[in-house]
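One structure is given here, and the rest of the page talks about it.
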Amino acid sequence: MSDYQSYFLMKPEEAADYVQAKLNFFPEGHRLSGKEIGDGNINYVFRVVDEDTGKSVIVKQAGLKTRIEPDLGVSTDRGRIEAKILKIENSYAPGLVPEIYLYDGVMCAMIMEDMIGHTMMRTGLLNHETYPLFADQITTFLANCLIRTSDLVMDHKEKKRLVGEFINPDLCGITEDLVYMEPYTDCFRRNHVFLPNAEFIQKELYEDEALRLEAAKLKFEFMNHAQALIHGDLHTGSIFINQEHTYVFDPEFAFYGPMGYDIGNLIANLLFAWCNGDATIEDPAEKEDFCTWCVDTIADVVDLFVQKYDAVYDEYVTELMAKTPGFKAWYLSGILADTAGAAGTECIRRIDGMANVKDITSIEDEEKRARAERIVVTFAKDCIMNRTDFICGADYVAALERAVSRQDS
Ligand code: SR1
Ligand code: MG
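Below is the structure:
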């Protein structure tokens with residue numbers, strides 16, 4: 006058995022030995038099994054189960070290369086960032102992130118709580134499950150973790166120290182390329198364009214210079230606005246959920262960036278779920294239920310965030326200048342414009358970029374998939390080009406209605 010003094014990529018059965026060697030969690034002599042359960046683009050995720058008691062933990066290990074694109078090397082330091090932010094988030098939003106039992110910088114692995122009884126949200130949404138408490142729980146997470154790690158609340162020196170601790174150049178570089186550059190330029194020739202929409206993508210994304218200018222502005226906002234400690238990749242594959250509870254995990258893209266990036270990412274990914282339901286559910290009543298839930302949840306995420314922003318601001322903000330009348334509303338308008346911008350850029354990159362989403366790619370009927378993609382891109386452009394007009398949930402609902410009616414006319 007290894008002494009884990011130098012890095013190697015574990016096999017599932019080795020993950021079980023690793024947990025036994027590193028953590029006092031399972032009794033000595035119990036039969037442990039390990040299984041790879043990850044389906045992400047980057048890391049390896051193993052579930053280790055004690056066959057005698059049924060207890061389990063998760064081991065997440067960083068590979069030296071990403072799984073989606075072996076040419077894309079990324080620093081294994083991302084595990085340190087992830088373990089650290091989960092601890093911080095647990096202090097601001099207790100119970101809404103998994104507990105980290107151990108982080109090992111040599112093996113670039115962490116051992117964490119198994120989110121038993123929860124399903125990856127994208128998988129649940131692909132089965133057209135709905136989650137009545139999600140909007141409330143995720144906005145509690147967002148409002149607390151974002152506002153309370155910003156200069157609005159934190160001691161300014163401590164905040165600057167954290168900015169340094171969370172410098173995350175490789176992972177931010179991935180986002181800068183995959184979200185903010187390639188979808189508009191295909192400069193590295195690694196975009197995935199669905200053939201029936203090739204002309205549409207060429208005209209609407211590659212040749213739209215006004216859009217490209219706004220995307221460029223958003224890219225530099227992402228790179229230079231160290232506003233709050235953000236998750237950095239808050240899509241529905243980064244959430245585990247059930248009818249009662251939500252867990253946010255996988256924050257390896259975390260850094261100090263614009264708050265709206267997290268909120269906008271979530272909105273875009275709820276729209277992908279809507280598209281899947283709209284394109285694939287045959288029963289009209291079932292389709293109506295699921296799609297209405299998706300639209301209502303998009304609207305609720307925005308409106309509940311605004312409500313909780315207000316409450317968290319009033320409770321925690323002590324900075325003298327931030328208490329100047331009018332400042333709270335001005336600051337919020339910046340977050341909301343960034344939110345719309347990020348919803349738009351996430352929508353676009355998941356359609357024509359390298360990392361697509363199953364909600365869209367699993368739509369088998371080619372015409373329906375092409376229509377879904379065009380709805381997403383039309384909605385996205387509206388969000389980006391008119392981002393200062395998106396100030397409440399109803400603005401997103403209206404944008405979706407406009408995008409749908411443009412396809413149907
Ligand atoms: C190379 S990584 C591709 C994408 O997967 C991650 O989850 C991020 O969203 C990233 O952009
Ligand atoms: Mg991830």
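In terms of this note's numbering, the sequence shown opens at residue 6 and continues consecutively.
Even for Gly, the Cβ is constructed at its ideal location relative to N, Cα and C.
Just so you know, these numbers come straight off a predicted model, no measurement behind them.
Excluding its 5 nearest sequence neighbours in each direction, Val322 has C-beta neighbours in its own chain below 7 Å: Leu157, Val158, Lys328, listed in chain order. When the beta-carbon positions are compared, Ile389 and Gln412 stay at least 8 Å from each other.
Counting only beta-carbon distances shorter than 7 Å to the non-hydrogen atoms of ligand 1, the qualifying residues in chain order are Gly45, Asn46, Ile47, Thr71, Ile73, Glu74, Leu77, Ile179, Thr180, Leu183, Val184, Asp238, His240, Gly242, Phe258, Met359, Ala360. Of the other Cβ atoms in all chains shown, 16 or more fall within 10 Å of the Cβ of His236; this residue is therefore buried.
Rounded to whole angstroms, the separation of the alpha carbons of Asn173 and Leu167 is 12 Å. In this structure, Leu37 places its C-beta atom within 8 Å of the C-beta atom of Glu56. Taking 7 Å as the cut-off, the C-beta of Asp255 counts as close to a heavy atom of ligand 2. For Gly178, no beta strand (DSSP E) run applies; the uninterrupted alpha helix (DSSP H) run containing it begins and ends at 174-183, by DSSP. With a contact defined as Cβ atoms closer than 8 Å, Glu87 and Met125 miss out at about 17 Å. The alpha-carbon separation between Ile365 and Pro75 amounts to approximately 24 Å. In this structure, the alpha-carbon of Lys164 lies about 13 Å from that of Ile90.
Distance from the CA of Val409 to the CA of Ala360, rounded to the nearest whole angstrom, comes to 24 Å. Residues Ile389, Met390 of the same chain have their beta carbon placed closer than 7 Å to that of Glu219, with the five preceding and five following residues left out of the count. Between Gly265 and Ala316, the CB-CB gap reaches or exceeds 8 Å.
For Ser38, the enclosing beta strand (DSSP E) covers residues 37-41. Closest in C-alpha terms to Pro263, from the list Asn95, Tyr336, Ala140, Gly282, comes Tyr336. Leaving aside the five residues that flank Ala399 on each side, the residues in its chain whose CB is nearer than 8 Å to its CB run, in chain order, Ala304.
Secondary structure in the stretch 53-90: the beta strand (DSSP E) runs of 3 residues or longer, each lying completely within the stretch, are 61-66 in chain order.
Here the alpha carbon of Phe310 sits roughly 26 Å from the alpha carbon of Asp283. Annotated three-state conformation of Asp238 is coil, per DSSP. Between the stretch 275-293 and the stretch 178-185, the count of C-beta pairs closer than 8 Å stays below three; the two stretches do not touch. Judged by beta-carbon spacing, Asp357 lies beyond the 8 Å limit of Asn95, meaning their Cβ atoms are not closer than that value.
The C-alpha of Lys92 lies about 24 Å from the C-alpha of Leu69.
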